[in-house]
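Enquirer: From first to last, the protein sequence lines are chains A and B.
Take 208 as the starting number for the first sequence in my numbering and just add one per residue.
Take 208 as the starting number for the second sequence in my numbering and just add one per residue.
Glycine is no exception: its CB is placed at the ideal position from the N, C-alpha and C atoms.
From a predicted model like this one, the values you see are computed outputs, not experimental measurements.
Got a structure for you, written out below as structure tokens; questions coming shortly.
2 protein chains.
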Amino acid sequence: MTASPDINAERLWADIMTMGAIGATEGGGSFRPALSDADREGRNLFRYWAQEAGLTVTVDEIGNMFARREGEDPSLPPLMIGSHLDTQMPGGKFDGVLGVLAGLAVVRSLNAGGIATRRAIEIVNFTNEEGARFQPGIMGSSVFAGLSRLDEALSRKDDEGTLLGDELVRIGYAGSRPVGGRPVHKYLELHIEQGPEMEAAGVTIAAVSNSSWGCSGFIDIKGENGHSQTAPMSKRRNALVAAAQLIIEIEAIGAENEPDGMVSATVIRNWPNNRVNIPHLTKLSYVVVHATEPGRASIISRIESAVKRIADETGLSIHNANSHYRQRLDLSSELCGQVLEAAADRGYPSMTLPTLTSHDALSMTQICPTAIIFVPCKGGISHSEKEWCEPYQVAAGARVLLDMTLKIANEL
Amino acid sequence: MTASPDINAERLWADIMTMGAIGATEGGGSFRPALSDADREGRNLFRYWAQEAGLTVTVDEIGNMFARREGEDPSLPPLMIGSHLDTQMPGGKFDGVLGVLAGLAVVRSLNAGGIATRRAIEIVNFTNEEGARFQPGIMGSSVFAGLSRLDEALSRKDDEGTLLGDELVRIGYAGSRPVGGRPVHKYLELHIEQGPEMEAAGVTIAAVSNSSWGCSGFIDIKGENGHSQTAPMSKRRNALVAAAQLIIEIEAIGAENEPDGMVSATVIRNWPNNRVNIPHLTKLSYVVVHATEPGRASIISRIESAVKRIADETGLSIHNANSHYRQRLDLSSELCGQVLEAAADRGYPSMTLPTLTSHDALSMTQICPTAIIFVPCKGGISHSEKEWCEPYQVAAGARVLLDMTLKIANEL
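Next up, the structure:
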């Protein structure tokens, strides 16, 4: 074996910028929601680059893309490296993209060094991680890991009523390969942190230990129709006003739970949403995350109390329902330790961290040992056009990924 | 001339209930927004009833329908009686419908008594008074009175981007008659009050003296994108939270101005409106009404101050713009006096009242002497499935309309 290979950091950075130019927004982000025209363009570019690197690209029935570099023993389950190329509406240049394109950088590096591996390496682009246009997110990896059903995913509709399955056909990514059902040796995902902890601690690499407790909440507020130019103020039963009180309460509950937990109302729909009418129905939704189960329960219970109090005060009917419960999942502690070792070998300061949000890797924990490698993002900002990761941080993450790949892809 | 004719109150009530059944909602209202399939059905029924009563129905290029009972001297400008058949989404059974169908009841009564009039009588159903699906409202009467342009009205789009002109063709009401440009002798509109004053005063009839000062406001709040599961609470720049504060402030400003003025935030749009994202843009709108110009100015200025204060407190960029200014308009004082006389002759307790909201009649004040006759609505509730007017109140309004018609349609 020759000297330890390196990543072509300039090429990786240029690739990330090029991908970010597809669906580029004025504010410096990308608008590439799953199954949009821009998603197709992003996928096409990834396929082109993968084929250029000698990889074989296959697509499964939910549109997950696998770019395979064959191993010396093709019968062994592959090492998978991946993430997703879809973005929020708009999103940034790094969330998801980094994990896929760093995989390409790793493979190019092996190619440049003429390095074969025992196991095949597959770079995966999972469909619809973001859940921006079609809910829920973490979709492609969830079907791949057998956690949700293909037919249900294909029958999801966007706000205009368009079927996900139809859009997959339209953009040319309704593949023929069955989804999942095949062994995976291990799964590695390089991702930006999406929080401020690494920046605060001054580290370049974090190994993710576990996920958090989460759930979503859905509040329906029923007011009464009325004419906004004539109904006496004192008799109005304005659902939007009660919603406003709840938005403020929920934000305060979030603030009191920092740093272990958080919650904000982020979605509102209002009927009839016409200037001359008093709103008779307003719906809110929110996401709760907390490091502990009792913490999550406490947030839910405090929101429930606020709902009851505001319903009593306003005389409106308000109903809160929670679903999409997400329990803490542990990443592989062995792989976590290897991330820290690889960082130390390269001289990068590192730490372990929980992840507050979900990732495709969390689906993969259900079928194989899985690691998430974090690099920092500026100011902890993500799902934002301002999302940013410095070139040296991108390169550091890719180098750790390369070193772990060399080790794991040669495992027996 | 025979004995004074009467209204067939049972038939009128049944007609209102029958019209209300088109687009009927579970809550007891109607969902018949302008140029919907239900609007077409309502128009078809009105045309059928009008033709059955011997009237000639014509339709102009904006879809306004005119059902004409010829006068002894066809060269004289007609008396017009009317309102609109479209509803809010949903609306009630009386707003607009009463004014059109009471016109039919008046004509049927003249027919039954074999009574001819010197001037023609035209019952008009104006297109899109409500502005529920296509904005702005008061559309058909505004174009008819030369206050707005036909081509601009036809090019309005609904939320799905559908053109008003295309919908008019689709439902078969893109008429060939030029809009307006012809003399109208006088215009009478019977309408529910949409406020609580008549019920409180115990009267059956009100003559409307004037309209109020009004305007609409549009607030844009710019926050910052962010991940709702990871961004620290203390660093969030959540546009929706600032919007919530403003909704509450605006409601309080409205409450302090009661009874002379009112304002509520009624419309909200939020981006990206996805659970995992902190909203970066939220838009609110509201309608201000006040009896006086200084009162309107004071409400606008207080909202402007709240915007500045909340922008300062949150550090967000918030911008308020006001438009759709509506100044006080006076109805014909002569006709107003005649409404009170007609009520007295029939033994109905009456009063004069301003109107807080807009009506097709306000467009008509610009081209001919115009009266609005109010009957009460239960609890002051309108733009609501619960909107209600008692049968005896409906009959009383129609009788006053009949008596005024007999007088005015015979004027030289």
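For A/S589 and A/P297, what's the separation of their Cα atoms in angstroms?
Expert: What you label residue 589 of chain A is simply residue 382 of the first sequence in a count that begins at 1. What you label residue 297 of chain A is simply residue 90 of the first sequence in a count that begins at 1. Each residue's Cα considered, the two are about 11 Å apart.
Enquirer: If we define contact as Cβ-Cβ less than 9 Å, is B/G554 a contact residue for chain A?
Expert: To locate residue 554 of chain B, count along the second sequence from 1; it is residue 347. It does not; no Cβ of chain A falls within 9 Å.
Enquirer: Can you tell me the Cα-Cα spacing of A/R247 and A/E541, whole angstroms?
Expert: Position 40 of the first sequence holds residue 247 of chain A. Position 334 of the first sequence holds residue 541 of chain A. Near 37 Å, if we compare the C-alpha coordinates of A/E541 and A/R247.
Enquirer: Measuring straight from C-alpha to C-alpha, what distance separates A/R553 and A/A603?
Expert: Stepping through the first sequence from its first residue, residue 553 of chain A is reached at position 346. Stepping through the first sequence from its first residue, residue 603 of chain A is reached at position 396. The straight-line gap from Cα to Cα measures roughly 8 Å.
Enquirer: Rounded to the nearest angstrom, what separates A/E277 and B/L491 at their Cα positions?
Expert: Mapped onto the first sequence, residue 277 of chain A falls at position 70. Mapped onto the second sequence, residue 491 of chain B falls at position 284. Each residue's alpha carbon lies about 56 Å from the other.
Enquirer: Does the structure place the segment 400-410 of chain A close enough to the segment 259-278 of chain A that three or more beta carbon pairs sit under 8 Å?
Expert: In short, these stretches do not touch, since the Cβ pair count stays below three.
Enquirer: By alpha-carbon positions, which one of B/P284, B/G227, B/R315 ends up nearest to B/Q258?
Expert: Your numbering for residue 258 of chain B matches position 51 in the second sequence. Nearest C-alpha to B/Q258: B/R315.
Enquirer: Have a look at the DSSP bridge pairing and note the partners of B/F273.
Expert: Here residue 273 of chain B corresponds to residue number 66 of the second sequence, with the count starting at 1. The partner list for B/F273 (beta bridge, DSSP) reads B/T265, B/V331.
Enquirer: So the beta strand (DSSP E) A/M440 belongs to, where does it begin and stop?
Expert: To locate residue 440 of chain A, count along the first sequence from 1; it is residue 233. Here A/M440 belongs to no beta strand (DSSP E), and DSSP marks it neither H nor E.
Enquirer: Using a Cβ-Cβ cut-off of less than 9 Å, give me the residues of the segment 587-598 of chain B that come near chain D, in sequence order.
Expert: This model lacks chain D altogether; the protein chains it does include are A and B.
Enquirer: Give every residue of the same chain whose Cβ lies closer than 8 Å to the Cβ of B/L305, excluding the five residues on either side of it in the sequence, and list them in chain order.
Expert: For the purposes of this step, residue 305 of chain B is taken as residue 98 along the second sequence, with counting starting at 1. So the list reads I223, S290, L397, H398, I399, V582, C596, V601, G604, once near-sequence residues are dropped.
Enquirer: Take A/L627 as the anchor and find which of A/K442, A/N529, A/P281 has the nearest alpha-carbon.
Expert: With chain A covering 208 to 619 only, the question about residue 627 of chain A has no answer from this structure.
Enquirer: Tell me which residues share the same chain as B/I525 and place their Cβ nearer than 6 Å to its Cβ, disregarding the 5 neighbours each side in the sequence.
Expert: On the second sequence, position 318 is the one that residue 525 of chain B refers to. Contacts found: I428, V514, A518.
Enquirer: Quick one: residues in its chain with C-beta nearer than 7 Å to the C-beta of A/P466, no 5 flanking neighbours on either side, listed in chain order?
Expert: As a first step, residue 466 of chain A is located in the first sequence; it is residue number 259 there, counting from the start. So the list is empty, once near-sequence residues are dropped.
Enquirer: Among all the DSSP beta bridges, which residues are the ones paired with A/F425?
Expert: Numbered from 1 along the first sequence, position 218 holds the residue referred to as residue 425 of chain A. DSSP lists A/S492, A/A528 as partners of A/F425.
Enquirer: By a C-beta neighbour count over all protein chains shown, 10 Å radius and 16 as the cutoff for buried, is B/T528 buried or exposed?
Expert: Start at 1 with the first residue of the second sequence, and residue 528 of chain B comes out as number 321. In the sequence as presented, Thr is not what sits at residue 528 of chain B; that position holds Ala. It counts as exposed.
Enquirer: Determine the closest residue to A/M571 out of A/W256, A/S355, A/R326, with distance taken between C-alpha atoms.
Expert: Working through the first sequence from its first residue, we reach residue 571 of chain A at position 364. Out of A/W256, A/S355, A/R326, A/S355 has the C-alpha closest to the C-alpha of A/M571.
Enquirer: List the residues of chain B whose Cβ lies closer than 7 Å to the Cβ of A/H434, in chain order.
Expert: Counting from 1 along the first sequence, the entry for residue 434 of chain A is found at position 227. Chain B residues near A/H434: Q401, T564, S589, H590.
Enquirer: Applying a beta-carbon distance threshold of less than 9 Å, which residues of chain B neighbour A/P439?
Expert: As a first step, residue 439 of chain A must be located in the first sequence, where it is residue number 232. Per Cβ cutoff of 9 Å: G402, P403, E465, P466, M469, G587.
Enquirer: In three-state DSSP terms, what is B/S595?
Expert: Reading the second sequence from its first residue, position 388 is the one you call residue 595 of chain B. At residue 595 of chain B the sequence reads Trp, which differs from the Ser that was named. If DSSP states are grouped into helix, strand and coil, B/W595 belongs with coil.
Enquirer: Flag A/A360 as yes if its beta-carbon sits less than 9 Å from any beta-carbon of chain B, otherwise no.
Expert: Walking along the first sequence from the start, residue 360 of chain A turns up at place 153. Not one chain B Cβ lies under 9 Å of A/A360.
Enquirer: Hey, which unbroken runs of the beta strand (DSSP E) at 3 residues or more fall wholly within the segment 357-399 of chain A?
Expert: Whole beta strand (DSSP E) segments, 3+ residues: 393-399.
Enquirer: Would A/N529 count as contacting chain B if we go by Cβ distances under 9 Å?
Expert: Here the question's residue 529 of chain A lines up with position 322 in the first sequence. For A/N529, the answer is no, since every Cβ of chain B falls outside 9 Å of its Cβ.
Enquirer: Find the residues of chain B that neighbour A/R250, judging by a C-beta separation of less than 7 Å, and give them in chain order.
Expert: In the first sequence, counting from the first residue as 1, residue 250 of chain A sits at position 43. Ordered by position in chain B, no residue passes the 7 Å Cβ test against A/R250, which lies about 22 Å from the chain.
Enquirer: When burial is assigned at 16 or more other CB atoms within 10 Å of the CB, is A/D213 buried or exposed?
Expert: Residue numbering aside, residue 213 of chain A sits at position 6 when the first sequence is read from its first letter. The residue in question, A/D213, is exposed, as its Cβ has fewer than 16 Cβ neighbours within 10 Å.
Enquirer: Quick check: what's the CA-CA separation for B/E404 versus B/A360?
Expert: Position 197 of the second sequence, counted from the first residue, corresponds to residue 404 of chain B. Position 153 of the second sequence, counted from the first residue, corresponds to residue 360 of chain B. One C-alpha to the other measures close to 34 Å.
Enquirer: Show which residues of chain A have a CB atom less than 7 Å away from the CB atom of B/P486.
Expert: For the purposes of this step, residue 486 of chain B is taken as residue 279 along the second sequence, with counting starting at 1. Those within 7 Å of B/P486 in chain A are T473.
Enquirer: Quick test of your reading: B/E336 and B/M287, contact by CB under 8 Å. State the CB separation rounded to the nearest angstrom.
Expert: Here residue 336 of chain B is taken as the residue at index 129 of the second sequence, counted from 1. Here residue 287 of chain B is taken as the residue at index 80 of the second sequence, counted from 1. About 15 Å; that fails the 8 Å criterion.
Enquirer: In three-state terms, what does DSSP make of A/L219?
Expert: The residue you call residue 219 of chain A lines up with position 12 of the first sequence. Here A/L219 sits in helix by DSSP.
Enquirer: Output yes if chain A places a C-beta closer than 9 Å to the C-beta of B/M272; else output no.
Expert: Mapped onto the second sequence, residue 272 of chain B falls at position 65. Chain A contact via Cβ: absent.
Enquirer: Return the CA-CA distance between B/N445 and A/I460, expressed in angstroms with no decimal places.
Expert: Start at 1 with the first residue of the second sequence, and residue 445 of chain B comes out as number 238. Start at 1 with the first residue of the first sequence, and residue 460 of chain A comes out as number 253. Roughly 15 Å between the two C-alpha positions.
Enquirer: With a threshold of 6 Å on Cβ separation, who are the neighbours of A/R254 within its own chain once the five nearest residues in sequence on each side are excluded?
Expert: Numbered from its first residue, the first sequence carries residue 254 of chain A at position 47. V264, listed in sequence order.
Enquirer: Please report the Cβ distance between B/N432 and A/E592, rounded to the nearest whole angstrom; I am assuming they are in contact, meaning their Cβ atoms lie under 8 Å.
Expert: Counting from one through the second sequence, the residue named residue 432 of chain B turns up at place 225. Counting from one through the first sequence, the residue named residue 592 of chain A turns up at place 385. Rounded, the Cβ-Cβ distance is 6 Å, consistent with contact.
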